[in-house]
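Data block below; observations after.
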Amino acid sequence: MLFVTVLLEVIWIHAADGGPHGQDDWPASYPECGGNAQSPIDIQTDAATFNPELPALQPHGYEQPGTEPLDLHNNGHTVQLSLPPSLYLEGFPRRYVTAQLHLHWGQQGSPGGSEHQINSEATAAELHIVHYDSDSYATLSEAADKPHGLAVLGILIEVGETKNSAYEHILSHLHEIRHKDQKTSVPPFNLRELLPPQMGQFFRYNGSLTTPPCYQSVLWTVFNQRVQISRDQLKKLQETLFSTEDPSELLAQNHRAPQPLNQRKVLASFIQEGTAEFTTGEMLGLGVGILVGCLCLLLAVYLIARKIRKKRLRNQKSVVFTSARAATEA
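Start counting the sequence shown at 6; every next residue gets the next number (our numbering).
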């Protein structure tokens with residue numbers, strides 16, 4: 006797709022840690038990379054705001070993305086799978102259709118590789134599925150720099166015991182695109198299986214592209230539940246591709262470091278476990294307080310009743326004494 010190719014030629018540069026194109030140097034050439042709403046971020050669950058009104062996220066067409074083969078491309082910075090715009094997301098005010106997906110990962114022996122972190126914990130890799138607002142814009146490149154022009158799903162990937170058959174649809178073809186600019190075709194497959202089984206728990210925040218020009222136009226959805234790939238699959242991702250046309254530089258460590266949250270709010274579609282525990286503690290404290298309050302109230306009622314009873318007894322004695330005195334005088 007032409008619009009996908011044009012955008013990617015603009016936004017993808019190598020996300021290496023050092024050198025003239027290192028992350029610290031990005032703002033010099035791309036000012037928005039130094040903005041105050043950059044991605045990725047380290048999501049601190051105790052600071053996320055639970056919002057029960059966040060609509061459920063529903064992908065449409067993911068199960069069968071057409072009948073045409075999908076283009077898989079080594080662009081020198083990541084492996085990218087082009088997607089047809091017939092796929093879209095429900096759960097946003099506007100329709101966001103798919104454009105492409107790509108992966109971020111670390112290097113062999115490194116525990117981290119994801120871009121987003123949760124409570125300062127990175128995972129082995131991360132999948133991004135990129136969508137654009139098709140109600141407002143005709144192409145991905147047109148939407149890329151507009152507020153909320155893009156919606157990206159972030160799926161954290163960790164190492165498990167078994168091979169993930171859905172991710173194998175991509176990883177099994179990496180040997181065909183080992184060098185930069187090589188492409189191959191992938192038969193269409195069920196993209197829904199790339200997502201976590203439970204999609205109801207996610208974080209939402211306003212952020213940016215994680216590579217230059219770092220447009221702050223992305224409505225991010227990062228799922229709380231992770232997906233798993235096998236250790237061999239991760240090794241294939243880390244050691245198969247090269248960022249050059251010849252096998253001289255391995256394509257790895259293509260993830261950006263977490264950026265400052267600044268004043269942004271992170272919303273959560275669910276109550277965090279930590280928040281639930283804290284709430285339970287609060288409820289326990291509240292229960293103790295109520296119990297103490299009830300005991301104090303009962304004690305106060307008892308003392309008042311006792312005082313009233315004594316007063317009545319004194320009055321009764323006074324009446325009896327007065328009556329007896331009156332009888333004696335009579």
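Glycine included, each C-beta is placed from N, C-alpha and C at the ideal position.
Range of the contiguous alpha helix (DSSP H) that encloses residue i
i, result
"L94", "L94 -> not in any alpha helix (DSSP H); beta strand (DSSP E) instead, spanning Y93 to E95."
"L59", "Premise fails: L59 is in no alpha helix (DSSP H) and is neither H nor E."
"S190", "Run containing S190: none in the alpha helix (DSSP H); it sits in the beta strand (DSSP E), K188 to V191."
"L145", "L145 to A148"
"A171", "S170 to L176"
"S34", "W31 to S34"
Sub-8 angstroms separation of residue i and residue j beta-carbons
i, j, result
"P70", "P90", "no"
"V84", "L155", "no"
"F207", "V227", "yes"
"L132", "Q105", "no"
"V164", "R236", "yes"
"W110", "G159", "no"
"F3", "H180", "A question about residue 3 goes unanswered here, because the residues of the chain that appear run from 6 up to 335."
"R209", "L272", "yes"
"L176", "Q238", "yes"
"Q243", "A262", "no"
"H178", "T167", "no"
"L59", "S274", "yes"
"V157", "V135", "yes"
"Q277", "A61", "no"
"D140", "A148", "no"
"N124", "T72", "no"
"L161", "S119", "yes"
"L92", "P74", "no"
"E37", "C219", "yes"
"K240", "Q113", "yes"
"L199", "Y172", "yes"
"Q221", "G40", "yes"
"L108", "A130", "yes"
"P265", "W31", "no"
Run of the beta strand (DSSP E) containing residue i, from where it starts to where it stops
i, result
"S274", "Premise fails: S274 is in no beta strand (DSSP E) and is neither H nor E."
"R209", "F207 to G212"
"H65", "Q63 to H65"
Residues that DSSP places opposite residue i in a beta bridge
i, result
"L155", "Y137 and V223"
"Q233", "E163"
"L86", "L77 and L106"
"L132", "L108 and I160"
"Q122", "D47"
"F228", "F207"
"Y101", "L94 and D138"
"F247", "L255"
The segment 178 to 186 touching the segment 67 to 87, judged by at least three CB pairs closer than 8 angstroms
Enough Cβ pairs lie closer than 8 angstroms, so yes.
How do the segment 54 to 72 and the segment 30 to 45 stand: do at least 3 beta-carbon pairs fall below 8 angstroms, yes or no?
Because the criterion of three Cβ pairs below 8 angstroms is not met, the segment 54 to 72 and the segment 30 to 45 do not touch.
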